[in-house]
Amino acid sequence: MEKLLQILSERQSTGLKSMLVTVADSTAHVPRHAGSYMLVGEEGRLYGTIGGGLLEYRCIQLAKDMLTVCESGLRKFRLAPNEIADLGMTCGGDMEVLFTLWPDEELYAAVCARLVGLLSRHRECWWALPLDGSVPFAFEKRPEEFTHGQIRGRAAEGGKPCFVERLNTSARVCIFGGGHLAQELVPLLVHLGFRCVVTDDRPEFSAKELFPGAEEVLTADYSHLADSGIILQEQDCVCIMTRGHLGDTDCERFALKSQASYIGVVGSACKVAAVREKLLKEGYSHAELDRVNSPIGIDIHSETPAEIAVSIAAQLIEHRAKFII
1 MEKLLQILSE RQSTGLKSML VTVADSTAHV PRHAGSYMLV GEEGRLYGTI GGGLLEYRCI
61 QLAKDMLTVC ESGLRKFRLA PNEIADLGMT CGGDMEVLFT LWPDEELYAA VCARLVGLLS
121 RHRECWWALP LDGSVPFAFE KRPEEFTHGQ IRGRAAEGGK PCFVERLNTS ARVCIFGGGH
181 LAQELVPLLV HLGFRCVVTD DRPEFSAKEL FPGAEEVLTA DYSHLADSGI ILQEQDCVCI
241 MTRGHLGDTD CERFALKSQA SYIGVVGSAC KVAAVREKLL KEGYSHAELD RVNSPIGIDI
301 HSETPAEIAV SIAAQLIEHR AKFII
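Residue numbers (UniProt numbering): 1 to 325.
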């Protein structure tokens, strides 16, 4: 999203208008679903995709035509069986595509600036794209019509029906242990749009240069994490990959006292069992310890640190999709 906003801002600053093409609604078996974006200029597609193929080609041509006459609005595409072949596609369904003209006007520049500001400060932010194609706007509170966990859909904002989507959340991935696995995992998570905080009790493994993409890198005694300044929130994820039983136990204890929505621990079955037994003896219940995902990640028969990082990232992507604050 930052890249899309950057392109919009750059084009506005040079007097170029753009068309934001958004999949506002869709049924099954379409190439892309609601929340897919594409940016089109008079010269053609600039960024993003709504699925490729002839459907996208038709939308690009329509966007260029609408740019010529400065028109916006919602368009419906019905991919019925007899139309699928005409589009050269094997899938069917219905799509509603919103075309939002983005001219080089101050109102639109202000929307971009506000969104960029909220995203850069990691504030929760939403944007509303009016279905009539009028000026979009940004805000920070989930629409009243949305259920807990809903991140996109239709809502009445600013007195008109809009396609609304959340663009940012304050959630972080807090990684305890800065070894080889963390060094593989953090760049991957950052590329996937996760905010990462890395903590290790060894200065040589909590050096900022090891994790240039991390939001924060800390050196802290695992046995005194309560004094470290780290505050775990409900939307946060915790990945524990310290060098041994003691570090894992301290970090699990710290995580279990929080409402963190995901806790994952790296380790052999023997180490995991030993830590669990110790925490049971300390009074933690089986239900509390069942919050811990171990072995961490999804099962892809991973062995190397890079492969394990992929499996962890995949599980966090799945968690992010299911658990949205």
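The beta-carbon is built from N, C-alpha and C at its ideal position, and this holds for glycine as well.
Between which two residues does the beta strand (DSSP E) holding residue i run?
{"i": "Ala-138", "result": "137-139"}
{"i": "Met-38", "result": "37-41"}
{"i": "Glu-216", "result": "216-219"}
{"i": "Thr-199", "result": "196-200"}
{"i": "Val-116", "result": "Not the beta strand (DSSP E): Val-116 falls in the alpha helix (DSSP H), residues 106-120."}
{"i": "Val-173", "result": "173-176"}
{"i": "Cys-237", "result": "237-240"}
What span of residues does the alpha helix (DSSP H) with residue i cover, start to end?
{"i": "Arg-152", "result": "Premise fails: Arg-152 lies in the beta strand (DSSP E), 152-157, not in any alpha helix (DSSP H)."}
{"i": "Ile-230", "result": "That residue, Ile-230, is in no alpha helix (DSSP H); it is neither H nor E in DSSP."}
{"i": "Gly-48", "result": "Premise fails: Gly-48 lies in the beta strand (DSSP E), 44-48, not in any alpha helix (DSSP H)."}
{"i": "residue 333", "result": "Residue 333 lies beyond the residue range present for the chain, which begins at 1 and ends at 325; the question has no answer from this structure."}
{"i": "Val-265", "result": "Careful: Val-265 lies outside any alpha helix (DSSP H), inside the beta strand (DSSP E) at 262-265."}
{"i": "Ile-7", "result": "2-13"}
{"i": "Leu-289", "result": "286-289"}
{"i": "Arg-142", "result": "Arg-142 -> no alpha helix (DSSP H), and no H or E assigned at all."}
{"i": "Gln-259", "result": "Taken as a continuous stretch (DSSP letters only), Gln-259 belongs to no alpha helix (DSSP H), as it is neither H nor E."}
With DSSP as the reference, identify every bridge partner of residue i, one or two as the case may be.
{"i": "Arg-166", "result": "Trp-126"}
{"i": "Arg-75", "result": "Val-97"}
{"i": "Gly-179", "result": "Per DSSP, none; premise fails for Gly-179."}
State the DSSP-derived secondary structure class of residue i, mapped to helix, strand or coil.
{"i": "Ala-24", "result": "strand"}
{"i": "Tyr-57", "result": "helix"}
{"i": "Glu-83", "result": "Any answer about Glu-83 is weak, because its pLDDT of 48 lies below 50 and its placement is not dependable; what the coordinates show is given next. Correct three-state label for Glu-83: helix."}
{"i": "Val-190", "result": "helix"}
Could you round the C-beta distance between residue i and residue j to whole angstroms and report it? I think they count as a contact, below 8 Å.
{"i": "Leu-118", "j": "Asn-168", "result": "6 Å"}
{"i": "Val-190", "j": "Val-217", "result": "Actually they do not touch by this definition, with Cβ atoms about 12 Å apart."}
{"i": "Met-241", "j": "Phe-139", "result": "Wrong, their Cβ atoms sit about 38 Å apart, outside the cutoff."}
{"i": "Gly-15", "j": "Asp-104", "result": "5 Å"}
{"i": "Val-275", "j": "His-319", "result": "The Cβ separation is near 21 Å, so there is no contact."}
{"i": "Phe-205", "j": "Gly-178", "result": "4 Å"}
### Message
Taking 8 Å as the cut-off, does the stretch 245-260 touch the stretch 219-231 (at least 3 CB pairs, one atom from each stretch)?
### Response
yes
### Task
Specify whether the stretch 296-313 and the stretch 177-191 touch according to this definition: at least 3 beta carbon pairs, one from each stretch, less than 8 Å apart.
yes
### Query
Is the stretch 254-272 in contact with the stretch 226-238, if contact means three or more CB pairs nearer than 8 Å?
yes
### Query
Using 8 Å as the Cβ pair cut-off and three pairs as the minimum, do the stretch 189-208 and the stretch 145-165 touch?
no
### Message
Three or more C-beta pairs under 8 Å: does that hold for the stretch 62-69 against the stretch 12-24?
### Response
yes
### Task
Determine, using beta-carbon pairs with one atom in the stretch 129-146 and one in the stretch 95-114, whether at least three such pairs fall under 8 Å.
yes
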